[in-house]
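Going by this note's numbering, the first residue of the sequence shown is number -14, and it counts up by one from there.
Positions of the beta carbon are idealized from the N, C-alpha and C atoms, including for glycine.
What follows is a single structure, written as structure tokens, with notes after it.
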Amino acid sequence: MEAIKKKMQMLKLDKENAIDRAEQAEADKKAAEDKCKQVEDELMALQKKLKGTEDELDKYSEALKDAQEKLEQAEKKATDNTVTFPPKWPLFFYLYFYVLSNC
């Protein structure tokens, strides 16, 4: 009879330990799910931020391209508008064109 009581106590203790482990596993599972949800939310926020940054990059890349094209056009226009004088012209003409170009 004593052996049966002892066996019952051992089984009861094993049951309580199993219940404690199950409760701990449930708590760990809940904590892991909460952490997963938090990480997913952070991921969504970072993806949204990345999308905004990529959009900004596209916008500024396009603006840079436009500015470079305008610069090239201005340089070409400046080169085309450059007056080259024959070396035989008197100094007066050089000064005259210089004054006109700075007005």
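Straight-line spacing of the CA atoms in residue -4 and residue 33 works out to 55 Å. If you draw a straight line from the Cα of residue -1 to the Cα of residue 10, it comes to about 16 Å. In this structure, the CA atom of residue 81 is about 48 Å from the CA atom of residue 42.
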